[in-house]
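Each residue of the sequence shown is one higher than the last, beginning at 926 in the working numbering.
What follows is a single structure, written as C-alpha cells, with notes after it.
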Amino acid sequence: MKRPLIDFFRWFLPMAGAILLITYFYVDSQRFAERSRIESVEMLNVKLGAGVLDRRVQMLISDLRALATDSSLKNYIETSAAKERQEVEDDFVGFSLAKPSYDKIRWFDIQGNELIRIDRRHGRPQKRLHGELQNKAERYFFTEGMALPAGGIYVSPLDLNIEGGQIEVPHKPTLRIATPLSDRKGKKRGLLILNYLSAELLDVVAEVAEPVKDHLYVVNRDGFFLMAPNKADEWGFLLDHPENSLAVRFPDSWKRLSTTGQGQFTDSNGLWTIATVYPLQIADMTQNAPDYQWKVITHLPPGRLAEMMPNLARQQIAAIFVMLALAALIALFLTRIRMREKEVEVRFRIYFERAMVGMAISTPEKRWHQVNPALCKMLGYSAEELLKLSWSELTHPEDLAQSNLDFERVMRGDANGYEQHKRYIRKDGQLIDTFISAQAVRKPNGTVDYFLVIIEDVTSRQQAEKALRDSEERLRQLGNNLPDSYVYQCIKQNNGEIRFLYISSGVQRIHGISPDAVLADPGLLNEFIDPSQLGELYAAERESMRTLSDFSMELRARFANGEWGWVLVRSRPRRLVSGEIIWDGVASDITGSREIAAMLKLQARRSSAMLELPRLSDHLEERDFMQHALDLIEQMTDSKISFMHFVNMDENSIELAAWSHNTRENYCTAQYNSHYPISQAGIWADAARLQRPVVVNDYANAPNKHGMPEGHSALTRLINVPVLEDGHVRMVTGAGNKKAPYTDSDIESIQLISNEVWRIVSHKRAENALRIATQVVNASPVVCFRWRADDMRSAIFVSENITRWGYRAEQLLAGKPAFRDLVHPEDLAQVSDEIARLADRESNAYVLEYRLLTAEQKQIWVLDRSTVRRDEDGRPCFYDSVLTDISERKQQASELTENLAAQRQLNKRLEEAHNQLLQSEKMASIGQLAAGVAHELNNPIGFVHSNLGTLESYLIDVMNILDAQDRMLAAPGADPDRQASIARLKEEHDFDFVRQDIAQLLSESKDGLSRVRKIVQDLKNFSHVSEQEWQWADLHQGLDSTLNIVWNELKYKCKIVKEYGELPKVYCLISQLNQVFMNLMVNAGHAIEEQGTITLRTAREGDDKVRIEISDTGKGIAPEHLNRIFEPFFTTKPVGKGTGLGLSLAYGIIDKHHGRIDVESTPGVGTTFRILIPINPEPGATVANASETSS
C-alpha cells in the first residue's frame, strides 16, 4: 500500500510542481502581453490624433499661401485702387464660400487697421462695411505676425475668439494663421490673417481616436485643456479656472510630460501616452516661441488600468488544488490560445494584403521583410524585388537624413515610433510624396524586433487640391467675363425660401446691382422684373421644381441705365439629398436680338400686307378697302385709332375718307365725306401743309392743337404721314394713342401702306372713270360675252370694245377663233373645270383669272366673272361673262414680289457684310493688342538677354581668376594652412557643383529667352491682321506662326503632323490667310473630342497654284451639313460656342485670292479642308480685291 502511495507521490509531486511553475509563468506572460496591447492601442490612437493636427495645420498653411499669391491681392497691394479692392473682396468671398471652416478673412495695413474683412454669419460670407472695421494693432497675433519677414507664416495659440474685448458666446475655438506681404520693392504692406474654426479640428481628433475618447486630452504648452472628456475642464486659462490643467492636477507627472515629445511612461498616477505637435515646424519657419506646441495625451489611472488587466489569480489557486485536471485544462487553454492567435494572424494578413495603403514590416537593418500589394504598386516593384532592397535605397537623398535620424531615435529607445512626410523614388524614376507612420515592436529585452510601417501616397491628393483651386478660379473668371450675361446658382430651401449661393459680376453690368446685394437679399432681382410677368415666373419656377425640367423664360427687365429690355433666363434644376432644389443658370441680355426679330417680323408683315392689298382691292369697296388698310396700320404700329383723309385738288380743304373699324366703333363720331379747311386745322393737318411726316409723342403739351373736327377722338400721341404725287399731297394717313412713343419704323410702315393704298385707290378710280367713259362710248366698261352652254362655247354676244384685243365682234360670233383658241393652252384645263363645276350645279357663278391670246398672239391676263343662266329644269343655257384685262395689275404684283425678294436679299447681304465688318474690326483690335504686348515684351527680353551675355563673360573672368588662385596655392612654398582653409570652404559650399551648375543655369536661361523671343515674334507676325497690302509671303511661315498662336488650345488633345512640300512664295494678303489657317486649326481642334491628329499638308499644284490641306481625325461633319458649312451664321456647335462666321469669312478671303476651298468629311473618321490659290493672281485681280477689302 505504501509503495503505490510513494510511487504516486513520486510521479504526482514532480508533475504538480511542473504544472504549478508552468501556470505561474503563463499567467505572468499573459499580463505582460495584455499590458503591451493596451500600451500599443493608446500609442496608436494618440499618434492618429497628433497626425490629424499635423495634417490639418498643413492644409491651413496651404490655403493661406494660395490666398496670399492671388493676383488681385498683389495688384491691390501695389495700387490700393478701389477696383482692385473690389476684386480682392470678391475673391475673399469666393474663398469663404469654398472653405466654410474659416470664420474670418482679414487684410490689415501696417498700422493694424482692418482694410478688408469677410465674416461668416449665419453660414454665409459677408463683407464688413467701412464703419465696422477695427484696429488690432495691440493684439498679440498682429504684433507677432508683423515681426516675421515677408512670406513667413505665423500660427497663433489655439484659444477662444474675442469680439469687442469679450469672449464670444457660445464659445468659438479659433486658430489664427497669418503671413506678412510686401510689394514688388520688398517693403511690407500689411498682414493677411485667416481665423480657422478649430472646433471642427478637435472634433476630428476625437473621431479618429474614438477607442480612447473617454480619457483623451489635447493640452497647450502650459498644460491647460484644449479638449477634454469633461467639457467644463476646457479653456481654463481663458475662463479664470487655473485649476483646470494637468500642471495643477498632476504636477509630478506634468514635469515629465512637458519635456517628453512622444512616448509612454507609468508613474503613481497611472499610464501616460503622449505625442507632441509643433505647428511652427510644420510651417517651416521660426517664431519667437520655440516651445510653442500642442500635446495629445491619454491617461489611464491605476484603478482603470487594473480593471483592464485580466484577473488570473483564480487560475493560480485552481492550479494548486487540481493540478492534474489543470494539465488537461492547460492543454485545452493553450490549444484555444493558439487558435485565437491564428485567427488574429489571418485577419491581420487579410488586412495587410488588401489594404488600400502601403504596409510593410521592416527589419532593424532597414530592409523590407514583408510588403503588401498596395506598396508594390505604389513603388512600381514586385514583392521579390522590394525584399532585396532597403527602404533607404528608395528614399529621396534630400529626405534620407531626417529618415535616418527618426530611425536611430527609435533604435536607441528614445521613441517607439515616428511619423514623417518624405519622397520615395519609384522603379520608373518618378517621385511620389508619401506620409509614413512607423511603429517599433520590441523584444522582451527592449531591443527592436521589427517595424510595422504604414505608407500613404499623398501625391494625387496634393495635385487634386491644386487642380481644385485652379478650377474654382477659372470658373469664377468665366462667370465674370461672360458678355451681356451673368451666371448664378440658387437654392430653394426646405422652408420655401430661395437663396443665391453665387452670382457673377455680370449682374452689375446688366441691372446695376452688386452680387453682394443679391446674395444678401435674393428678392432684390424681382424688383427689376416687369410686375405683370411675376405670376408667370413663379408658376414656371414651381413647374421646374416639380418636374426637375429645364427652366427657360424671356423676361422684360429694367437695366442699369434705367431703360427696359429683355433678359433670357435659363437654368437646370437638381435635387439634393436633403430635398432642396439647386438651379444652375445663366441670364443673358437679348434686347438686341429681340429688336432684330421684331424688325424681321415687321418686314414680313409689311411684305404680306403689300401682297394682300392688290388682291383685296378687287373684292372690297373703296371705303372697306381703306378701312382694312387702316386696320393693318393699327396692328403694325400698336395704335388705338387711325384715319385717312383725301386732300382735295385745290389743296385748301381736307376730306375724311375712312376710319379704322376700332376707331369708328369705340372712339370717333365724325362724319364721312365731311370737308374741313386746312387753314383752320391744327397740328393734325401739318403733314399736308409741310409735305412731310409729323410725329407728336406728347400731345397734351403740344402747341397749336386747335381746329379738331367735331366728333374726333381724344389724342395722347399722334403721327401723320402725307402721300405725295407729282409734288402734291393727295392723301394724309394718321394714327394715334400708341402706348409707347412713335418711331421711324412706324413712319415707314404707314408710308409704305399709304402709298400702296393711294396707288390702288387712284388706279381703281381711274378704272371706274374709264369704265364710265367706255359705257358712254361703248355701253360697257369691259369686254362682255354671252356664250352658249355647249361644248364649243360659241359666242352669241360680244361687246364692241373687243377690238382692244385685235378681234372684231363678228369674228368671234362666227366662231373664228373659237373660245378654246382664245384661252392660253396652259390655262384651258382650269377654265374647263370651272365651266364643268357650273354645269354640275355646284355654283351659279365663278371669278377666275387666266390668260387670253390676242389676235397678235400676245398673252394677257383677264379677270373672268361669269354667271350661268339655266332653263326651267336647271340645265345651263348660256353663260354671261365679263372679262377685265388685269395684265397690268399682275405685272405690278410680280414686280412688287420681285422688289420685295430683292429687298430681302439686299437686307441679308447688308447683315452679312455688317457682321463680317464687326468680325474684321474684332480681329484688328485683337491684332493691335497682340502687337502691343509683343512690343512691350521685346524690350525687357532684349536687355535680359544682353545682361545674361555680360554675366556669362563676367563669370568666365571670375572662374579664370579662381583657377589662377588655385595654381598659386598649389605652387611650392604656399601656406598649407591657407590651402586647407580654402579647400574646406570649397567643400562646405560644394564649389565644384556650383561651378558646373552656373554654366548650366546660364545655358538654360538663354534657351528659355530664345523660346520666349520665338513666341513673341510669332505673336507679332500673327497680329498684323489689319494689314491689307499684297506681298510675296512664305505660307509655311504663316502656318507655323498660326500654329504657335493656337497651340495652347490644341496641345492637350492633338498631335500635329507636318507634311510640307516645296512651295514658292505666294503673292497674297498673308495676314488674312493666317486668319483662315487659324479658323481651320481651331475648328479641327474642336472636332477632336479626346485625342487625335491634325495634319498640315502643302504641295504645288501645277505651275501656277499651291495647295494647302488641314486634316483632322475628329468626329467629322454630317453629310446633310456639308453643303451649308460656308453659309453665314450656320454652325453645328452648341449655342454660345460659335458664331457661324468663321468658315464664311474664310471662304470670302480665299475667293478674294481667286482661289477655292473644298471640304471632304466622313463622320467618325475625320475632315479635310483643301485650299487652292494661285501663286501670282491675274493682273488687276489684286487691285480689285484690295479695293474690296478697304471698302
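Don't be surprised by glycine CBs; every beta carbon is placed ideally from N, CA and C.
Does any C-beta atom of chain B lie closer than 7 Å to the C-beta of V1432?
Absence of chain B from the displayed structure is noted, only one protein chain being present.
Assign M1884 to buried or exposed, taking buried as 16 or more other Cβ atoms, counted over all protein chains shown, within 10 Å of its Cβ.
exposed
Residues that L1777 bridges to, as DSSP identifies them
V1748 and I1785
Report the CB separation of G1504 from V1494 in whole angstroms; it is logged as a contact under 8 Å.
G1504 to V1494, Cβ: 24 Å. No contact.
What whole-angstrom Cβ distance do S1757 and Y1771 have, given they're in contact under 8 Å?
At roughly 12 Å, the Cβ-Cβ gap does not stay under 8 Å, so S1757 and Y1771 are not in contact.
Can you find at least 3 beta carbon pairs, one from the segment 1720-1728 and one from the segment 1759-1768, that sit closer than 8 Å?
no
Are there 16 or more other CB atoms within 10 angstroms of the CB of P2102, so buried, or fewer, so exposed?
buried
D1623: which of K1664, R1614 and G1283 sits nearest, CA to CA?
K1664
Could you check the C-alpha separation between S1966 and T2087 for me, to the nearest Å?
29 Å
Exposed or buried, which one is N1213 when buried takes at least 16 other CB atoms within 10 Å?
Low confidence applies to N1213: its pLDDT is 44, below 50, so where it sits in the model is not reliable, and the reading given next is rough at best. Exposed is the call here.
Run through DSSP, which three-state label would Y1065 get?
helix
Quick check on the DSSP output: the beta strand (DSSP E) that includes H1224 runs from which residue to which?
W1219 to L1225
Proximal residues to A2071 (C-beta, below 6 Å), its chain only, five neighbours per side dropped
V2001 and N2004
Which residues bound the beta strand (DSSP E) around G1510?
I1506 to D1514
Judging by CA-CA distance, which residue of R2022, S1906, C1979 and W1955 is the nearest neighbour of H1961?
R2022
Please state if the CB of P1447 and the CB of I1423 are separated by a distance shorter than 7 Å.
yes
Please report how far the alpha carbon of Y1879 lies from the alpha carbon of G1354, in whole angstroms.
37 Å
Excluding sequence positions up to five away, which residues of its chain have a Cβ less than 6 Å from the Cβ of L2129?
In the structure as shown, the chain begins at 926 and stops at 2116. Residue 2129 is therefore absent and cannot be evaluated.
Among L1677, E1650 and V2090, which one has its Cα closest to the Cα of S1687?
E1650
I need the straight-line Cα distance from W1955 to L2068, nearest angstrom please.
22 Å
Sheet register partners of T2023 (DSSP bridge):
I2033
With DSSP collapsed to three states, give me the class of T1668.
coil
Give the DSSP bridge partners of R1540, in chain order.
None; R1540 has no bridge partner.
For R1916, the nearest candidate out of D1891, G1898 and Q1059 (CA to CA):
Residue identity differs from the one stated: residue 1916 is Phe in this sequence, not Arg. The residue with the shortest Cα to Cα distance from F1916 is D1891.
Rounded to whole angstroms, what is the Cα-Cα separation between R1174 and E1168?
7 Å
Between Y1343 and T1359, is the Cβ-Cβ spacing less than 7 Å?
no
How about the segment 1173-1187 and the segment 1109-1127: do they share at least three Cβ pairs that are nearer than 8 Å?
no
Have a look at S1026 and S2036 and give me their C-alpha separation to the nearest angstrom.
51 Å
Just list the residues that DSSP pairs F1376 with in beta bridges.
S1287 and A1365
Going by the beta-carbon positions, is the gap between N885 and V1648 smaller than 7 Å?
Coverage of the chain is limited to positions 926 through 2116, which leaves residue 885 absent and any answer about it impossible.
What residues in its chain sit with their C-beta under 6 Å from that of Q1414, if we drop five residues either side in the sequence?
L1426, Y1427 and D1509
Between R1920, Y1992, L1640 and A1908, which lies nearest to I1881 when the distance is taken from Cα to Cα?
R1920
Does DSSP put Q1676 in a helix, a strand or coil?
helix
With which residues is K1112 paired in a DSSP beta bridge?
Answer is none; K1112 lacks a bridge partner.
Within the segment 1518-1574, ranges of the alpha helix (DSSP H) (whole runs, at least 4 residues):
1547-1562
Nearest-angstrom Cβ-Cβ length linking I986 and I1102, presumed shorter than 8 Å:
6 Å
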